[in-house]
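In the UniProt record's numbering, the protein residues as written are 1 to 330.
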């Protein structure tokens, strides 16, 4: 049987548990938080006062912070790309009866959609950013799409989402801490609750991988090895500003995030180690020879990558993004 057919069989086998996993890891719209819970209420007499408070508190946050918050928001707003990608994964069927996996993707997307919504509205009200430039970048990012190197392989895609959800947790959580330190408690709370969603989703996708390891350990190990050898591509790797070529803004955005400690190369290594520990890679049994070699590679990889991370030098000076007006941000 071909690898593709084996993966389809495994996805079909695991599908029987998807409803239970949805109940465990996702929350119904009526019960989960919504963007308006963190934003000024237009029905309230205090609406304009609440907007003024946002604008005043926003003045205390530095330039690099706004670059990172904008970049995080744009990444979240590119959700149509992520949903369409996952809907095309082998085993996800939205046509023939809309199977359990397609139901998972739609409900996961619905939860994630709230993140871009609340951050977008907050940025609009803050008065600190150039919304039109942000909107142009967002449109570009969705139109440009992405290639995360997973093809339609569910094993590789679940490794990617396990990694990426933990990375977004780290980013939003650290943004929340910076906001709280400047006295912006509402923004801090908003980013903190977004990070909580990301951690919950990380646990879900990690659970999927865990279950695959139990039924197809060698090929799951090979998929993990493949993804880490080629390195995880960030979803915003094609980021660009108006008038620029595809991907030209990502490196500077990444430098900014590293400079203020929101997401660093050492975090990348730490996530890899957490996944190795979470899936107990050292204890997986019934591996073929090729998968054993892949396991050995993975076990040694964090220490090798950490040595490389120690050598990385981040530019001290901030790049001038069109998203943020330096005249109104300290």
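Glycine included, every Cβ here is placed at the ideal spot set by N, Cα and C.
The structure displayed is predicted, hence computed values, not measured ones.
- Taking the C-beta atoms as reference points, residue 162 is found no nearer than 8 Å to residue 263.
- The Cβ atoms of residue 227 and residue 294 do not sit closer than 8 Å to each other.
- Under the three-state reduction of DSSP output, residue 324 falls in the strand class.
- Collapsing the DSSP output to three states places residue 159 in a helix.
- For the 8 Å CB-CB criterion, residue 160 and residue 148 form a contact.
- For residue 101, the uninterrupted alpha helix (DSSP H) segment begins and ends at 100-126.
- The DSSP-derived three-state label of residue 262 is coil.
- The beta carbon of residue 34 sits closer than 7 Å to the beta carbons of 114 from its chain, once the five residues preceding and following it are set aside; these are given in chain order.
- Checking the DSSP bridge columns, you'll see residue 129 partnered with 324.
- Taking a C-beta distance under 8 Å as the contact criterion, residue 64 and residue 259 qualify as a contact pair.
- At least 8 Å separates the beta-carbon of residue 118 from that of residue 57.
- For residue 144, the secondary structure class from DSSP, reduced to helix, strand or coil, is helix.
- Per the coordinates, the alpha-carbon of residue 323 lies some 40 Å from the alpha-carbon of residue 210.
- The beta carbon of residue 233 sits closer than 8 Å to those of 146, 147, 148, 149, all from its chain and outside the five residues before and after it, given in chain order.
- Per DSSP, reduced to three states, the secondary structure at residue 224 is helical.
- Taking C-alpha positions only, residue 25 is separated from residue 6 by approximately 26 Å.
- Fewer than three pairs of CB atoms, one per stretch, sit closer than 8 Å, so the stretch 200-210 makes no contact with the stretch 179-187.
- Per DSSP, the continuous alpha helix (DSSP H) segment holding residue 293 begins and ends at 289-309.
- DSSP places residue 45 outside any alpha helix (DSSP H), giving it a letter other than H or E.
- A straight-line Cα-Cα distance of about 28 Å links residue 106 and residue 217.
- Taking 8 Å as the upper bound for CB-CB distance, residue 272 and residue 239 are not in contact here, some 23 Å apart.
- For residue 312, the number of other beta carbons within 10 angstroms of its own is below 16, and it is reported as exposed.
- Nearest to residue 252 by C-alpha distance, out of 158, 29, 321, is 321.
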